[in-house]
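S.K.:
In the numbering used here, the protein residues as written are 1 to 350.
1) At which residue ranges does the segment 87–116 contain complete alpha helix (DSSP H) runs of 4 or more residues, listed in the order of the chain?
2) Using only alpha-carbon positions, find the residue among 94, 16, 154 and 130 that is nearest to residue 118.
3) Would you kindly work out how many angstroms separate the C-alpha atoms of residue 42 and residue 178, rounded to a whole number?
4) Suppose only complete runs of 4+ residues qualify. What are the alpha helix (DSSP H) ranges in the segment 175–199, listed by chain order?
5) Inspect the beta-carbon positions of residue 62 and residue 201 and report whether they are closer than 8 Å.
6) May I ask you to report which of helix, strand or coil DSSP gives residue 318?
7) Could you spell out the range, first to last residue, of the alpha helix (DSSP H) harbouring residue 335?
8) When the Cα atoms are used, what is the spatial distance from residue 152 to residue 163?
9) At the level of alpha carbons, what is the spacing between residue 156 and residue 165?
10) Verify whether the separation of the beta carbon atoms of residue 212 and residue 248 is less than 8 Å.
11) According to DSSP, simplified to helix, strand and coil, what is residue 294?
12) Output the distance between the C-alpha atoms of residue 305 and residue 265, rounded to the nearest integer angstrom.
13) For a quick check, are the C-beta atoms of residue 303 and residue 71 less than 8 Å apart?
14) Which full runs of the alpha helix (DSSP H) of 4+ residues lie inside the segment 46–92, going along the chain?
15) Expressed to the nearest angstrom, what Euclidean distance is found between the alpha-carbon atoms of residue 15 and residue 133?
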């Protein structure tokens, strides 16, 4: 299920653009407007951010997820400080040490059973004041919503982390690359599982939810965003033709399109998870809470399945006699796609 004109389960980054994103870009592609964010689409994005996240919220369109995360962390901490995150965090595993190289921030990682930090787990990386100036002082807790293993934080869990962070002189950052999936899975708004629950800064994802390109950084309070316009430029994230980023963000935020897209990819993941549950020899590595499914099966069968997926296979994690395959559903995944993959799974097992 790969190749030209076909679909697969390697990543939601592999899917094409949702038609509404292309339509939004086309609508914005009219005549000349001011550059670098001084355009009507970007002004509209600011209004939509306040509608979604509250009157004090401030949003900044960005070019990509890693750049948005790094710029957000730069705004939250000084170069000699540290960020507490899960050992599975994207900022630790998949951003080429960018928070450390570019922002100068040490990452203090914590092993978790499900990709989720708790106050007790985060507390293990606090620094004794007696160790300063020899140790990097944690200034930020960063968590992914949804996590890299497909689990989601409830508003209560976010509130608990925010309380712990603030009591210990830290801020809470959310990497929301899949925040639409996390919110849709709980029937909640974007704000209710992020800034509205006490988080300070959100990297608002759009790419994995059907956009062509573009994310955003949203601050809960204007004072947290002081100087961010300059910092964004220095972080190589200021788009000259920003209207095309903002137009896509607006299309997602207006009329709840973000939820419609995420509901679909989540429902396809649940359908896939249910099918795996009924397949002898296959198990789920984690509960299906968003649009990511982890399939556990004997290693030889796992290798056979990955090979059958062609030139763009899903990720395979090998652990002794078992193989765990990450399968990601997208806005354009169909029930027929799921049925086809389940057939491939059964074939690989027998």
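Backbone N, C-alpha and C define an ideal beta-carbon position, used for all residues, glycine too. Since the model is a prediction, treat every value here as computed from it, not as a measurement.
M.R.: Answer, in terms of the structure:
1) As far as the segment 87–116 is concerned, its whole alpha helix (DSSP H) runs of at least 4 residues are 90–93 and 98–101.
2) Translated into positions along the chain shown, residue 118 becomes position 118. Cα-wise, what sits closest to residue 118 is 154.
3) Position 42 of the chain shown, counting from 1, holds the residue named residue 42. Position 178 of the chain shown, counting from 1, holds the residue named residue 178. Looking at the two C-alpha atoms, the distance is approximately 22 Å.
4) 179–186
5) Your numbering for residue 62 matches position 62 in the chain shown. Your numbering for residue 201 matches position 201 in the chain shown. Not in contact: residue 62 and residue 201 (Cβ atoms no closer than 8 Å).
6) Here the question's residue 318 lines up with position 318 in the chain shown. In the structure shown, residue 318 sits in a strand (DSSP, three-state: E or B).
7) Numbered from 1 along the chain shown, position 335 holds the residue referred to as residue 335. DSSP places residue 335 inside the alpha helix (DSSP H), whose first and last residues are 335–349.
8) For the purposes of this step, residue 152 is taken as the residue at position 152 of the chain shown. For the purposes of this step, residue 163 is taken as the residue at position 163 of the chain shown. Rounded to whole angstroms, residue 152 to residue 163 spans 18 Å at the Cα level.
9) For this step, residue 156 is matched to residue 156 along the chain shown. For this step, residue 165 is matched to residue 165 along the chain shown. Approximately 14 Å, taken between the alpha carbons.
10) Residue numbering aside, residue 212 sits at position 212 when the chain shown is read from its first letter. Residue numbering aside, residue 248 sits at position 248 when the chain shown is read from its first letter. The answer is yes: Cβ separation under 8 Å.
11) Residue mapping note: residue 294 aligns to position 294 of the chain shown, counting from 1. DSSP places residue 294 in strand when its eight states are reduced to three.
12) As a working note, residue 305 is residue 305 in the chain shown. As a working note, residue 265 is residue 265 in the chain shown. Each residue's alpha carbon lies about 22 Å from the other.
13) Indexing the chain shown from 1 puts residue 303 at position 303. Indexing the chain shown from 1 puts residue 71 at position 71. Not in contact: residue 303 and residue 71 (Cβ atoms no closer than 8 Å).
14) 65–76
15) Residue mapping note: residue 15 aligns to position 15 of the chain shown, counting from 1. Residue mapping note: residue 133 aligns to position 133 of the chain shown, counting from 1. If you take the alpha carbons of residue 15 and residue 133, they lie about 47 Å apart.
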